Structures are given as C-alpha cells and as structure tokens.
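*Asks:* Handing you this structure, nothing more for now.
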Amino acid sequence: MKYDFLVIGSGISGATVAERLASSGKKVLVIDAKSHVGGNCYDFRDPNGICVHQYGTHIFHTNDKTVWDYLSRFTQWHPYTHKVLAQIDGALIPIPFNLNSIRQVFPPTMATRLEEKLVDEFGFGARTTILELRQKSDPDLKLLGDYVYEKVFLHYTLKQWGMKPEELDPAVTARVPIFVSRDDRYFHDKYQAIPREGYTAMIQKMLDHPNIELKLNTPFSAIRDTIPPEMPIYSTGSIDEFFDYSFGILPYRSVRFDFVEYAQEFFQPVACVNYPCNYDFTRIGEYKHFLNDKSDKTVISFEYSSAFELGQNERCYPISHPQNAELYNRYRDEAQKKFPNVHFLGRLGDYKYYDMDKAVARALALTEGKSA
Ligand code: UDP
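Right, dumping it as structure tokens:
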C-alpha cells in the first residue's frame with residue numbers, strides 16, 4: 052500500500068486520527084512500538100474472564116456529546132458510575148471529599164457545624180478545591196481544609212508526584228475537588244461508561260479499516276529512513292523522542308502496576324480504593340467491578356509511582372511545570388520550523404494531562420477538514 056499519512060501510536064488519539072483519515076479515503080500507515088494496540092488504554096480478558104486494564108484503571112467520562120457519539124460507532128457501552136473510597140484512619144471514606152465524608156470522619160455536632168459553614172460559604176451543590184479551602188480564615192473551615200489536606204492530598208500527592216500539592220499545577224489537585232453535596236460520584240459528567248468489550252476491542256474496531264495498515268512492534272526509529280520527508284505525520288509519541296532527545300529528556304511520572312489474583316470473589320467494595328497515608332502504593336484497582344465480570348477469583352493492582360526512566364518504565368503522566376513547558380515548547384518550535392508536516396497530539400505528543408475524551412476531541416479537531 053502507498054500511504055498518504057503516517058500515524059505514530061495506536062492509542063486512543065492515534066486510532067481516532069487514523070480512523071478519520073481512512074474514512075475520508077486516505078491511505079494510512081499506523082505504527083506502534085508496543086506489541087499491542089491501544090497504548091495505555093490497553094485491556095485484555097484474563098483466564099478468569101476478567102477484563103484487566105494493563106496500565107491501570109481507565110474510566111471513560113465526558114460531557115462532550117460529539118466525542119461520545121463518535122466513539123459509540125465503535126463500541127456499545129456498559130453504564131458505569133465511578134465511585135472511589137479512600138482509606139483514612141482505617142475507615143473507607145468517599146472521595147471526592149463531600150458532606151457524606153464529613154459525617155463519617157467527624158463527630159455529629161462537629162459535622163453539622165462544618166456542613167453548615169460549607170453551605171453558607173460556598174452554597175449547597177458547589178465545589179471547591181483543597182487549595183482554596185485552606186485559605187479560608189474561618190477556624191472551622193480552616194480545620195477542615197487542614198484535615199483534608201493532610202489525610203487525602205498531601206501524602207498521596209507526595210507518592211504520586213514527589214511534590215507537595217501546593218508545588219503542583221493547581222489544575223492537578225483541582226481534578227479531585229471537595230463537594231458541598233452528598234454526591235459520592237468521582238466524575239459528574241453526563242456520559243460515564245466502559246466499552247462493553249473493553250478498550251482494546253473498541254480501538255481495534257477503529258483501526259479495522261481497509262485504508263489502514265497497522266504495524267506493531269515498530270518504533271518510528273525503525274522506519275524513519277523509509278518515510279518520504281514530505282509525508283504528513285500525526286505523532287502521538289513523546290516529542291523529545293522524535294528529536295532523539297537533542298534538547299534533553301522530557302520528565303514524566305511513571306506507574307508500576309503489581310497485579311495480584313485472589314481466590315475470593317471481591318477484594319474491595321469499589322473499583323478504586325486510595326491509600327493516601329498508608330503504604331507506598333497510591334491506590335488499589337479491582338477490575339471486575341467495571342464490566343460486572345463474574346468469577347470466583349478477582350484481580351487487583353497496586354499502583355506505585357516513580358519518575359519515568361527511559362527504557363526502564365512507561366510514560367504515564369506529563370508533569371505540568373514551567374521548566375518542562377519550556378523544554379516542550381523548544382521541541383515544538385523546532386518541529387514547526389523543520390517538520391511542518393508533523394503534528395503532535397495526545398497525552399505524550401501535546402505533553403498534556405488529557406483524559407481520554409479530551410484526547411479524542413483533540414484528535415477530531417486536528418483532523419477536521421484536513422483529511423477530505
Ligand atoms: N489526589 C490526592 N488524593 C486522592 C486522590 C487524588 O492527593 O485521594 C490528587 C493527586 O495529586 C492526584 C490528583 O489529585 O495526582 C489527581 O487525581 P486523579 O484521581 O484525577 O488522578 P488519575 O486518576 O488521573 O491518576
């Protein structure tokens with residue numbers, strides 16, 4: 052096949068771009084360095100019939116109907132509402148921290164006072180952030196802010212990022228707000244679900260197009276010399292890799308998942324339990340909750356965060372920091388000057404902490420009108 056486009060990476064961003072181009076009649080080569088499609092969304096059925104997410108729990112959630120409708124062409128959905136508990140002083144408490152969490156951790160009179168103060172200050176149904184709450188001068192709200200900071204955010208964030216919450220881009224901790232309501236859901240988006248046959252099956256279906264050729268186990272470096280210099284490329288790989296790290300390595304956080312099978316039906320009541328203060332792992336995921344898989348066994352994963360090290364582990368989270376943005380922009384400027392035919396996208400290509408829906412929206416926007 053003679054190709055019109057090269058797409059580097061078969062994760063959710065690469066698959067969206069490839070599908071859009073292919074459906075508009077273009078011939079597309081998709082390469083992936085890994086032995087499977089799906090990037091970090093990859094999942095598989097284990098011998099017990101449990102759909103395991105190899106790179107940790109992935110929950111699709113969006114308010115973007117365009118993205119929802121687009122992905123719905125490639126999968127049916129299993130409606131799933133994500134709820135997270137955190138082990139705090141030995142009890143399992145709803146996260147994001149909310150009025151129910153307050154009831155569980157404080158004595159009743161104190162809880163009532165805190166609830167009233169929160170409702171007066173922010174209004175029922177409002178959301179705030181840990182950084183905002185801690186700035187309140189009211190002694191009760193301050194006490195609450197300090198409690199949630201210490202018990203939920205500080206040690207988790209130190210484990211996850213190697214930084215204190217106040218040292219991080221505020222947008223990161225704001226992903227997990229504090230709710231002035233009794234809503235225990237982790238996400239409040241209109242659409243929340245898991246692909247019924249899993250993410251891998253959905254992405255395979257996106258790539259299953261006569262105009263797409265897929266080559267796995269194929270890093271860009273292996274085929275670079277065979278690609279005509281003017282060929283349009285959509286790269287979802289890390290931008291520093293495209294340039295052989297000539298300006299330095301972009302930092303990421305990585306996660307190691309230690310999978311363990313238990314001969315019991317369930318390990319924990321929900322798919323995700325966070326351990327902000329205890330242990331060295333951040334959280335435990337239990338996979339059978341997502342698709343309601345039936346088995347007398349269960350599979351869980353312990354998540355250990357660390358710095359990304361080239362060739363040693365996977366890139367999982369870009370680290371939003373001015374110094375890293377500067378390095379990223381240096382690469383991007385170089386790309387625009389020397390390789391105007393190469394577009395970068397995705398969590399790694401854009402170096403942005405995208406959720407899956409944002410990655411798809413970005414891929415759709417980038418290919419809109421370009422492919423016809
Ligand atoms: N976070 C925390 N304690 C928690 C949950 C989250 O401190 O119990 C902070 C932490 O810094 C984390 C960030 O909030 O990295 C975003 O959490 P989220 O659950 O969105 O992370 P993801 O699921 O993307 O790893």
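End of the sequence shown = 423 in my numbering, gap-free, step of one.
Beta carbons are placed, not taken as given, at the ideal position from N, Cα and C, and that holds for glycine.
All of these numbers come straight from a predicted model, not from anything done at the bench.
Is it buried or exposed, Ser226, if we count other Cβ atoms within 10 angstroms and call 16 or more buried?
*Replies:* Note that residue 226 is Arg in the sequence shown here, rather than Ser. Exposed: under 16 other Cβ atoms inside 10 Å.
*Asks:* Taking C-alpha atoms, which residue in Lys85, Asp220, Ser61 and Gly107 lies nearest to Tyr355?
*Replies:* Gly107
*Asks:* Within 7 Å: the Cβ of Gln211 and any heavy atom of the ligand UDP?
*Replies:* yes
*Asks:* Label Leu219 either buried or exposed according to how many other C-beta atoms from any shown protein chain fall within 10 Å of its C-beta, with 16 as the threshold for buried.
*Replies:* buried
*Asks:* Any idea if Ala423 is buried or exposed, counting beta-carbon neighbours within 10 angstroms, 16 or more meaning buried?
*Replies:* Interpretation of Ala423 is limited by its pLDDT of 33, a score under 50 that renders its predicted location unreliable; the figure taken from the coordinates is listed afterwards. Ala423 is exposed by the Cβ-count criterion.
*Asks:* Could you give the DSSP three-state label for Asp191: helix, strand or coil?
*Replies:* Three-state DSSP puts Asp191 in a helix.
*Asks:* Alpha carbons only, please: which of Thr117, Thr349, Lys241 and Lys215 is nearest the one belonging to Val103?
*Replies:* Thr349
*Asks:* Can you tell me where the beta strand (DSSP E) with Asn325 in it begins and where it stops?
*Replies:* Cys323 to Asn325
*Asks:* Taking the alpha carbon of Ile110 as the reference point, which residue from Ile245, Gly76, Asp240 and Ile229 has its own alpha carbon closest?
*Replies:* Ile245
*Asks:* Does the region 207-221 come close enough to the region 92-99 that 3 or more CB-CB pairs lie under 8 Å?
*Replies:* no
*Asks:* Report all residues from its chain with a CB closer than 7 Å to the CB of Tyr330; omit the five preceding and five following residues, and keep chain order.
*Replies:* Excluding positions up to five away in sequence, the list is empty.
*Asks:* Would you check if the region 165-175 and the region 283-301 touch, i.e. whether three or more CB-CB distances between them fall below 8 Å?
*Replies:* no
*Asks:* Go ahead and pull the three-state DSSP assignment for Ala423.
*Replies:* The predicted model places Ala423 with a pLDDT of 33, which falls under 50 and marks its position as unreliable; any figure quoted below should be read in that light. DSSP places Ala423 in coil when its eight states are reduced to three.
*Asks:* Do Leu57 and Ile284 have their C-beta atoms closer together than 8 Å?
*Replies:* Closer than 8 Å, so yes.
*Asks:* Ignoring anything shorter than 3 residues, give me the beta strand (DSSP E) runs that lie fully in the region 57-120, in order along the chain.
*Replies:* Counting only runs of 3 or more, we get 79-82, 94-96, 102-104 and 111-113.
*Asks:* Is the beta carbon of Ser357 less than 8 Å from the beta carbon of Phe308?
*Replies:* no
*Asks:* For a test of the three-state rule: what should DSSP assign to Gln374, helix, strand or coil?
*Replies:* helix
*Asks:* Is the beta carbon of Val203 less than 8 Å from the beta carbon of Ala162?
*Replies:* Their beta carbons are not under 8 Å apart, which means Val203 does not touch Ala162 by this criterion.
*Asks:* Just how far apart, CA to CA, sit Asp115 and Pro261?
*Replies:* Their Cα atoms are separated by approximately 29 Å.
*Asks:* Should Ile146 be listed as close to the ligand UDP, given that the test is whether its C-beta is under 7 Å from any heavy atom?
*Replies:* yes
*Asks:* Around the Cβ of Arg334, are there at least 16 other Cβ atoms within 10 angstroms (buried) or fewer (exposed)?
*Replies:* buried
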